[in-house]
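Worksheet: the structure to be examined is printed underneath.
In our numbering, the protein residues as written are 13 to 259.
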């Protein structure tokens, strides 16, 4: 794959954030990009043949804080927003958020029942985080919560996502696959790479052409062609791509 990368002239590189290029943390605001990954992203993006896109569930504020002054393009909230490098944020399509008033009280019940858990609100989604909770209590309550939310979601045209120690509810029709078509559909790419670690990234893998390289972080049923074990493996691959010796 690295050989194909080096031979190619026009490359599209799509990278999820949490659990892919940066390890998970108990709270999202603790999972900040370190200098190692920032340097790798800078080196990738400064190559004139590369279009590098961070395709994340994070909100616009977080992505702007860390990547707003770089040559990276950005996708926020699993595809609700996109930002070409050097441009302004764009809606993928008009969305409603009035459903939050029905869902928020349900999530609040589970915060009360699960010490250490909390709710994160984004423009078009709500996330219940339980990484810092007691593991058994968290998993049990997450399973129960998903069941309750799925019945609500059907009537409100929502989607329920199971992430890494998270349960997220978002507007239906928003997904990473739809967002990355903004770049994929331009054509002319002679190298495409997408890397991600959870269910939301499957939508991204699904719209890629068969010639693209797709990588899932950690073993799980996936549409991706390849699997790696960890964030460290992803960074090792990126180092090889930009020509930084291992170790």
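Where a beta carbon is used, it is the ideal one built from N, C-alpha and C, also for glycine.
Secondary-structure assignment with DSSP links residue 141 through a beta bridge to 130, 178. For residue 101, no beta strand (DSSP E) encloses it, and the DSSP letter there is neither H nor E. Contact between the stretch 148-155 and the stretch 52-67 is absent: fewer than three C-beta pairs spanning the two stretches fall below 8 Å.
When beta bridges are read from the DSSP output, residue 93 appears opposite 88, 103.
Using a 10 angstroms sphere on the CB of residue 103, the tally of other CB atoms stays under 16, which defines it as exposed. By alpha-carbon distance to residue 177, the top candidate from 217, 203, 132, 216 is 132.
The Cβ neighbour count for residue 223, taken over all protein chains shown within 10 Å, is under 16; the residue is labelled exposed.
DSSP places residue 252 in the uninterrupted alpha helix (DSSP H) bounded by 243-254. Counting every other CB atom within 10 Å of its CB across the protein chains shown gives residue 246 a total of 16 or more, marking it as buried. If you compare the alpha carbons of 191, 25, 134, 87 with that of residue 201, the shortest gap goes to 25. Within the DSSP bridge table, the entry for residue 215 names no partner. For residue 152, the three-state secondary structure derived from DSSP is helix. About 5 Å separates the CB atoms of residue 57 and residue 84; that is less than 8 Å, so the two are in contact.
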